[in-house]
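According to this note's numbering, the residues represented by the sequence shown are 1 to 120, in order. See structure below.
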Amino acid sequence: MNNTAQLTSAVDSIRLSLHIFGACIWVGGQFTLAALVPLLKKFNPEAPRIAAKGFNKIGWVAFAALIVTGMWNMADVPDDASAGYQRVLGAKMMIVLLSGVAAFVHTKAKTSKSIAMWGS
Numbered sequence: 001m002n003n004t005a006q007l008t009s010a011v012d013s014i015r016l017s018l019h020i021f022g023a024c025i026w027v028g029g030q031f032t033l034a035a036l037v038p039l040l041k042k043f044n045p046e047a048p049r050i051a052a053k054g055f056n057k058i059g060w061v062a063f064a065a066l067i068v069t070g071m072w073n074m075a076d077v078p079d080d081a082s083a084g085y086q087r088v089l090g091a092k093m094m095i096v097l098l099s100g101v102a103a104f105v106h107t108k109a110k111t112s113k114s115i116a117m118w119g120s
């Protein structure tokens, strides 16, 4: 393997690792917080809000990494990718978009009802 191929392989590994890391934090963090909310409320009604603010510090960075590396990954998709592959990619893009919009709306919610509707 020549130096160019080794560099390309290393860059691909870094790109995919960052993408997976971002997805783990973004998705895993949301599921973890959702599972913890009932328990946190027992200790302090404000605890879920405090935990969410703490998650936001790393969650939005992970979301940005997920978006940037996702676009970078898309630039590497072959032009002759199958229709099935393209459908799955489109579905993933919609899920990421919807999760980002829902999380953003949730951070702006003010009433208990709207907070409950958009998450915790």
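We treat Cβ as the ideally placed atom computed from N, Cα and C, and that holds for glycine.
Three-state secondary structure (DSSP) of residue i
{"i": "Pro38", "result": "helix"}
{"i": "Lys110", "result": "coil"}
{"i": "Asn56", "result": "helix"}
{"i": "Ala64", "result": "helix"}
With 16 other Cβ atoms within 10 Å as the buried cut-off, status of residue i
{"i": "Asn95", "result": "Position check: residue 95 holds Ile in this sequence, whereas Asn was assumed. Label assigned to Ile95: exposed."}
{"i": "Ala91", "result": "exposed"}
{"i": "Thr69", "result": "buried"}
{"i": "Pro48", "result": "buried"}
{"i": "Ala81", "result": "exposed"}
{"i": "Gln30", "result": "buried"}
Contacting residues, own chain, Cβ-Cβ under 7 Å from residue i (five flanking each side not counted)
{"i": "Leu33", "result": "Ala51, Ala52, Phe55, Ser120"}
{"i": "Trp72", "result": "Arg15"}
{"i": "Leu36", "result": "Ala51"}
{"i": "Ser9", "result": "none"}
Contact belief for residue i with residue j at Cβ below 8 Å, rounded distance in angstroms
{"i": "Ile25", "j": "Ile58", "result": "6 Å"}
{"i": "Phe63", "j": "Gly28", "result": "Rounded, the Cβ-Cβ distance is 12 Å, inconsistent with contact."}
Own chain partners of residue i with C-beta closer than 6 Å, once the 5 adjacent residues on each side are dropped
{"i": "Ala23", "result": "Leu66"}
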